[in-house]
Structure formats: structure tokens, C-alpha cells
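Contents: one structure, followed by commentary.
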Amino acid sequence: MTIANPVPKGKKQTENPFSTLLRLVFVAIFDLGAGWFIYQAVQLGSFQLAGVVGVVFLLVNIVLLLPQAYAYRWMVTGLSFLVLFTIYPMLFTIYIAFTNYGDGHLLTQQQALAVIEKETYLPKTGKSYKWTAFKAPDNTYALWLSDAEGNTYIAKVGTALLPAKPGAPGIGQADSSGIPASIEGFTRLNPILAATDKNLPQIKFGEEGQTIQIRSPSEAAELKPRYIYDAAANTLTDQENGEVYNDVDGTYTSRTSGKQIVPGYRAVVGLRNFVNFVQSPALRGPLLQILVWNFVFPTISVLSTFSLGLAIALLFNDKDFPLKKVFRTLLLIPYTIPSVITVLIWRGMMNPDLGIINHLTKTWLGFSPPWFSEPTWAQAGVLLVNLWLGYPYFMLITSGALQSIPADLYEAAKIDGANSWQSFRNITLPLLLVAVGPLLIASYVYNFNNFGLIYLFINGGPPIVGATTQAGHTDILISYVYNLAFASGGRGVQYGLASAISIMVFFIVGTITLVQFRFTNMWEEVSKNV
Amino acid sequence: MSNLAATYQNLRSSQSFMKRVSLVLKLIVAVILVVFSVFPVLWIFSAALDPTSQLGSQSLIPPQAGFQNFQKLFNDPLLPFWNWVWNSIKVSGITTILSISITTMAAFAFSRLRFAGRITMLKAILLIQVFPNLLALGAIYLMIEQPGHIIPWLGLETHAGLILVYLGGSMGMNIWLMKGFLDTIPRAIDEAAMLDGATNWQIFTQLLLPLLRPILVVVGILAFIGTYGDFVLARILLSKAENYTLMVGLALFTNNQFAQNWGQFSAGALIGALPVMAIYLALQDQIAGGLTVGAVKE
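Going down the list, the protein sequences come from chains C and B. Under our numbering, residues 627 to 1156 are what the first sequence spells out, in order. Under our numbering, residues 413 to 710 are what the second sequence spells out, in order.
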């Protein structure tokens, strides 16, 4: 009687001692390696990296040491990679969406302050001098300065100004302009070399706190740090006019004049990036246009590829069709070549001046379509290429699905006097849609983010006139984001904004996917299988 | 009676005539479609063999056809073509083997073991993969750049780093696919083995893996070709010409800077595309099967 249900539900298995030992040795080696890595990351100041690896460290230890987590041992490698390269980048992107990370705000607060504190100004009481540069063989510099009263000095780095006269010990004789040819091992640079020397303007001569710097080809002056940082109040004070700059979202801004100090730093700005979509017309205009196209493009793509694929499948559903296999193989070709290659081929063939397609249309129709400069033609071109790329997939899918529709349904329809259109409309299409519906949605999602095609074929062009960011008529959100974040085209990278749009894309695509789950009853199926 | 037979005969012959007309029409449509589908491939053959490297003014058979483009392609020290081919094969091969191992083992757990969080995990895996990798490129870049300071062979410009990023995406749709296949293998098989004292590991490696082999081959080929065709991640993480994968290298030829190099691009594209094309066409039935299982209920 007890044999009736022989397999115990819990499936308890005793591990043999050898595999236990193997497991423990592996954990020990892993812990050593990961621990060392985390230590190194902390030393380098990469705290986020250390944190993520720390999470993986815990995950691996829990899964491999706790018997309750046995099932997860089968997927611990995959989970670790998932955490490192998918989940963490996702969370990081979400965080960045709430910051002003981007051009003008690329630095941390410390780094930005260090840059700002290097700025100097000429105080009203500060003296200015005429200068002549000297250089020693070891590439150190010295200046010969003369002030308005005719006093002359030697200035070196790190020591106070030294009053000096030509002809004094160690100093050469003055030439016609009253300047010595050499001083204490330094030789005089000719004025052109001195004016073009890139190092000179950076050097602070003289003592700390009373430094002299070159301001122009004729003038060197005693400069002071312009901004003094007050750590307690987190403000910067302009020493020249006493203006106080407060920290406003990572940019030091004056309350009185509204002036801002560049650079700012990377700070959390809350929902500003999202609010900007709605409020800034320069941003909203192109974004809205891109969003509309982002829905139009996959819709037409899916409809056209599905229709053509289905049409071909129906064409070949005829048993008597000659050379069926050969035709099918030839029609499958677009699907078999990596799309990076074929998209580039199409780009070459559609080149308005030299491409073979335009060559043919010019010869036959007397017209050369401006695929890359006219918005409508550009969109048509992208859709045409995507039709070529996409129809074989649906040809494969639908011809499989057509086979599975029971033939007696058609027989019955024929007896009832249905013509072939009616039986297609009322039998084939509904049954087919049930079968391939999820794949249509998957294809929609894929094309919604079809970066490769848009980027390689046309890079989003032609540009939308008047956009403040790089935006084009064939840009979809994801290619727009890519340009915002990586290829600024001289208009500045904006990681914060790019991440905010990424989140938008995620919500749109996530919603579509959830709808797909509903559609396919995937959830229910998962639960049923328990 | 005979009248009726004659009418019937008439009807049949007119039917077969109609059928022949429609077949001819269908053939014409099929030929037009084939021209549409094959044209770019013919074009690339002709561009590869045309030594003038010009985009237009081509006849399908170039007047001075020759292999100059191939020679130039193989002997350019600045654009090491065979390096790219080898890099692509290496990266895609290693990625495929590792990611198939990862997904098959995870799918085994999801199909055969019962544990807390199983359904939540399955759902989460699908939803997470919806977040396009591309959108998080900045963070992915940092995840490779920073470790490079600690372990140099894992950083930017390394294929190991690129493979790691590819593996980050391996816990995805493929797990559902594999779980679907595993679910079709009757559990009675492993329950019997379990009675004989087999461990899960033995059941997995000795019973299920051999049964899965045909489908593993198909999924493996699809995964290989998918990685082989990737452009974006490789483009971001690799910037030295000798480290490029084939797709990144080929795209370089068509940049403005290399506008005159369509001939070399075409030659390289042919070499890059033909093996993949051959595999696909040879295995088209299996691949079609692999695509539809799980999604299309037959």
C-alpha cells in the first residue's frame, strides 16, 4: 500500500561526502577571491562596485551553504551575472534619472570644488608687472618682472619675489630693452616662444598665498583665489565683490544676481528631468514627435511583415506548388544574414547619389528618392528595409501554424458554400491570430526598441529643425537616448535626461509585455504547472 | 445521363484550367518576391567582385571582376580582418557554451524541483529582460571599466569583459524555452531513476541532457548567431581595431571616413554572412520548430 506513492514529495537526497567537500572548497576559494576583489575596489574608491560584488558574495554563500536554498544552486551563476550586469545597471539608471548627471555636472562635489577653487582674480590692490620668461634645461621656468615704478624682480615657483638688477651676481647683463639674457642657469625665451608656451599661463610663481600668474602676453599679476568655500554653510563667496553663491541642486548660484558658477556637480534633483519633458517646449516638441513615430514605426513594421509573411505562407500552402522548397529557401535568405550586415548593404544600395536603387529609379522613373534627407522618404526607407528584414520570420511562423489548422474546418466551410475569402476571414485568420498573437506582440516590442536598424541605417536622421538636443525624424526613443547619453554631436551629454527617458521606455514596454502575458495566459500556465 | 457526364467533364476541365492560371499567377508573384529577397545578396556579390569599389554604376556582373577587394581586405594592417573573424568566433563560442549551461541548469531547477519563490522568479526573469540592455549602457560601461583597474584582463578592451556582459543577459527568455522542452519529457523517467537512488545531478547529466541534445544544438546555434550579430555592446566596450568583433569592424568600413571601401566591406560581409546563411538554410526546419515551440500551441 505504501508503494502506491513511492516518490517522497520533498525529494530529500543525501549528499555524498565528496561533493560536500567539493562544495565547501569552492565556497572557500570564491570567498577568498571575492573578498580580495571587494577590498581592492574599496581601496580604489569604487564603493558601488564593492557593494554590488558584496551582494553577489552574500548570494553565493547563502545559496551554497544553506540546505534550504538547494534549488537555487542550479542557477546561482546565472543569478550572479543577472545581478551584476542587468539588475545593478537598471537600478543605477533609475538613480541617474533623478540626478543632473551630464555636461556641466559630470564631477562629484569634491572634484567640482577643487576646480572652482583654482579660479583666481586680480584684486584691486594687487600689483601688475611686465614679464619676460626664462627656462632652465630641466624645464623649470622663472620670470623677470618689472613694475610701473621701474623696480625689477626675479620670480620662481615656491619662493618669494626677489628684487634684482641686471648685472648682479648670477644675472646676465641687460640688453637694449633692459632685460638680462640669462639668470642663474635659466636662459631667456624669445617672446614668440613664451607667448605660445602652453605651460607658462598655468604656473603660479612666488610664495603660496601671494602668487603671480601670467594674464596676457604683456602682463603678469598678483592673483588671489576668487572663491572661498564655507563648508559649514555649503556656500562659495566671491572675493572680488562679496557675492555669496548657494548650492542649488548641484550648481552654486547667487541669490541676488542669479549667476551660476561652472562647473556644477552631480546632485540628486528629484523629478526635474521628468518635469522638463512637460515644461520645456524645446524638449517637449521633438520628444512628442519621436514618441509618435516610436508607435507608428513598430505598428507598420509588424503589420507589413506579418501580412507579407502570411501571404507567402498561403501561397506555398498549395501542395502542388512547383519547387516549393527552393522558393522557400530563397525567401528565407534575409533572415539568415546578420542584420548589421544587411542594414549596411541597404544603406549602400539606397545612397541617393551612387546607390543602385536610386540609379535604377532614375533610369526607369526619372526620379531619385531622397532617402536620407526628406523626413517622409526616410521613414518610408526604414520601413521598407524592416519589411525585408522581418517578413521571413513570419513566413516561418505562419506556415507552421497554417499546417496545424484542421483541414475538415475548410471542408465544412466549403460545403456550407463559403468562398475562399470567407474561409480565410472566418477560419484561417482568427485561428492564426490565436496562435501567433503573442509573437506579434513580441515583434512589436522588439521593433519598439529596434536600435540597430535606426542607428546603422540612418542614425535617426534627418534632423528635426529647432530641437535643442540631437533629434531626428526617424529617431525612436532608444536611439534618441543613445545620442543623449553617448554621441552628443557637440551638444553635451545628458545622462540624467537620457536615464529618465529610459525609464519611460521601460514602462511602455513593460506594460505591453504585461498585456502580452494576459493575452497568452502565461501566468495561469505558470501557476497550473506547480 | 450522358449530357450530365459531359457537363461534369466540362466543369472539371475548366476547373483545372483555372487552377493552371492561378498557379502561373502564383509563380509570377513568387518570382517577384524572390527578386526582392535575393537582390541585396546578389548586389553584395557583385560589389565584392568589382575592383572599382564604386557604389553605383554597377552591372550585376562587373566588367573587370576580380578578387582585388579580398586581397586588400586580407592585407590591410590597420584593419585586421582575420582578427575580427577570430574574435567573433571566440567571443560567440564561449558565450554560447556558458550561457547554454547556465540556462539549461536553471531550467532544470524550474522544471523538476519545487522551491519557494519559483513562480515569482520565473515571472521576474521575464520582466527584467524587458528592460532593454541598451538603456543601461552607461552603467554597464562602468561595471566593466572599474573592475579593469583591479583585474586588467576583465576591463574595457577585453573579450572576457564583453563575454561577462553577454552572460548577464543569459537568464532570460531562453530559460522559458528550455523549461518548456524539459516539461515535455515525462517526469516518470526521472522518478524511476530516483527510485534507483540516482541524484538530481545524475538525472540531469545522464538522463535529461542526452534527451535534450537535439534541441540544445538548435538553441545553441541561435544563441551563437545572436551573439555573433551583436553590434552595440561590442562597439561600446571595444575601441581598438585589433579587438573588434566582425560586426563592429564591418560597420567601420561604411563610416564616412572609409566611404570608398564598399568593395572591402562587401568582401568582408560575404565571408561573415555566408557560413551563417548556410547553417540557417541547412537547419531551417529545426530552427522553425525551435522558434515556435513554447509560443505556438499546435
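Beta carbons: idealized from backbone N, C-alpha and C, even for Gly. Bear in mind that the values here come from a model prediction, so they are computed numbers and not experimental data.
Under the Cβ distance rule, His561 (chain B) counts among the residues neighbouring chain C, one pair being separated by less than 7 Å. Checking the DSSP bridge columns, you'll see Phe812 (chain C) partnered with C:Ile809. Residues of chain B whose Cβ lies closer than 8 Å to the Cβ of Ser965 (chain C) are, in chain order, Gly641. Contact between Ser500 (chain B) and Leu658 (chain B) holds: their C-beta atoms lie close to 4 Å from each other, under 8 Å. As the crow flies, the alpha-carbon of Trp498 (chain B) is around 37 Å from that of Leu684 (chain C). Per DSSP, reduced to three states, the secondary structure at Ala858 (chain C) is coil, with no helix or strand assignment. Taking CB atoms only, Phe1132 (chain C) has a neighbour in chain B less than 7 Å away. Pairwise C-beta distances place the segment 690-708 of chain C out of contact with the segment 557-566 of chain B, as fewer than three of them are shorter than 8 Å.
Distance from Leu956 (chain C) to Val446 (chain B) at the Cβ level is roughly 5 Å; contact confirmed, criterion being Cβ atoms closer than 8 Å.
DSSP, reduced to helix, strand and coil, places Gly728 (chain C) within a strand of the structure shown. Rounded to whole angstroms, the gap between the alpha carbons of Gly671 (chain C) and Pro559 (chain B) is 12 Å. Residue state for Trp770 (chain C) is assigned as strand, using DSSP reduced to three classes.
Using a C-beta cut-off of 8 Å, the segment 767-786 of chain C makes no contact with the segment 743-750 of chain C, since fewer than three inter-stretch Cβ pairs fall below that distance. Annotated three-state conformation of Ala847 (chain C) is strand, per DSSP. Taking CB atoms only, Ser449 (chain B) has a neighbour in chain C less than 7 Å away.
Proximity to Phe998 (chain C) across C:Leu958, C:Leu1010, C:Phe1083, C:Ile967 peaks at C:Phe1083, based on C-alpha coordinates. For Gln676 (chain B), there is no enclosing beta strand (DSSP E); the residue is part of the alpha helix (DSSP H) that begins and ends at 674-694. For Leu695 (chain B), same chain residues with a beta-carbon under 8 Å away, outside a window of 5 residues either side, are Val630, Ile633 in chain order.
Under the DSSP assignment, Lys652 (chain B) falls outside any beta strand (DSSP E); it carries neither an H nor an E label. Val928 (chain C) and Gly581 (chain B) have their C-alpha atoms roughly 25 Å apart. Between Thr516 (chain B) and Met590 (chain B), the CB-CB gap stays under 7 Å. Secondary structure of Ala759 (chain C) (DSSP, three-state): strand.
Within the same chain, and ignoring the five residues on either side of Asn586 (chain B) in sequence, the residues whose Cβ sits closer than 6 Å to its Cβ are Thr515. Taking a Cβ-Cβ threshold of 7 Å, the residues of chain B close to Leu957 (chain C) are Leu445, Val446, Ser449, in chain order. Residue contact with chain B for Ser672 (chain C): present (Cβ-Cβ distance below 7 Å to some residue of chain B). Per DSSP, reduced to three states, the secondary structure at Gln865 (chain C) is coil, with no helix or strand assignment.
Distances from the CA of Trp700 (chain C) to each of B:Trp613, B:Phe677, B:Asp608, B:Ile597 were compared; the closest alpha carbon is that of B:Trp613. In the pairwise beta carbon analysis, the segment 1024-1036 of chain C is classified as touching the segment 1052-1068 of chain C: at least three pairs are separated by under 8 Å. Counting the other CB atoms within 10 Å of its CB gives Tyr665 (chain C) a total below 16, which places it among the exposed residues.
Residue range 877-880 is occupied by the beta strand (DSSP E) that includes Ser880 (chain C). Secondary structure note for Val682 (chain C): its alpha helix (DSSP H) is the uninterrupted segment 673-691.
In the three-state scheme derived from DSSP, where H, G and I count as helix and E and B as strand, Ala1027 (chain C) is classed as helix. The Cβ atoms of Pro964 (chain C) and Ser449 (chain B) lie no closer than 7 Å to each other.
Under the DSSP assignment, Thr778 (chain C) falls in the beta strand (DSSP E) whose first and last residues are 778-781. For the segment 681-698 of chain B, the beta-carbon criterion of a distance under 7 Å to any beta-carbon of chain C is satisfied by Ala681, Gly684, Ala685, Val688, Met689, Tyr692, Leu693, Gln696. Only exposed fits Met430 (chain B), as fewer than 16 other CB atoms lie within 10 angstroms of its CB.
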